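Novice: Residue numbers (the working numbering): 1 to 126.
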């Protein structure tokens with residue numbers, strides 16, 4: 001008899017979500033994306049939830065509307081990415097790519113908000 005139990009991992013807000021792959025929510029590397037998110041991106045749920053969380057911390061996405069990140073790409077995600085890009089003088093294309101300008105700007109913006117140079121995300125606890 002095989003064990004068909006699924007493994008669940010906590011998201012950044014402590015809710016349990018089924019991962020698409022092991023290690024989907026990697027809070028050790030919060031600014032590392034597996035693939036692009038947004039317009040024309042792969043939009044894997046784990047990456048979308050990570051970008052939603054970062055945009056929420058940056059103040060451009062209201063996560064209270066959905067009780068936290070959803071992991072689903074849609075107009076709300078595109079609007080959030082575009083708003084952040086516009087506010088930061090980036091090319092407004094609605095896309096956050098691994099090691100791209102949007103994820104780098106999110107990293108710089110959020111780390112500058114931290115205490116004594118700490119990342120804002122370092123203060124989240126699963």
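We put the CB at the ideal spot given by N, CA and C, even for glycine. Bear in mind the structure is a predicted one, so any value in this text is a computation, not a measurement.
Exposed or buried, residue 40, counting other C-beta atoms within 10 Å across all chains shown (16 or more means buried)?
Specialist: Exposed, by the Cβ-count rule.
Novice: Sort out for me which residues DSSP pairs residue 96 with in a bridge.
Specialist: Residue 96 pairs with 37.
Novice: Can you look up residue 113 in the DSSP assignment and give me helix, strand or coil?
Specialist: Here residue 113 sits in helix by DSSP.
Novice: Between residue 99 and the rest of its own chain, which residues show a CB-CB distance below 7 angstroms, the 5 nearest in sequence each way excluded?
Specialist: For residue 99, where only same-chain residues beyond five positions count, there are no Cβ hits under 7 angstroms.
Novice: Compare the Cα-Cα distances from residue 47 to each of 108, 33, 113, 87 and report the closest residue.
Specialist: When only C-alpha atoms are compared, the closest one is 33.
Novice: Consult DSSP for residue 73 and reduce its assignment to one of helix, strand or coil.
Specialist: It is coil, neither helix nor strand.
Novice: Beta-carbon separation of residue 49 and residue 35 under 8 angstroms?
Specialist: Taking 8 angstroms as the Cβ cut-off, residue 49 and residue 35 do not qualify as a contacting pair.
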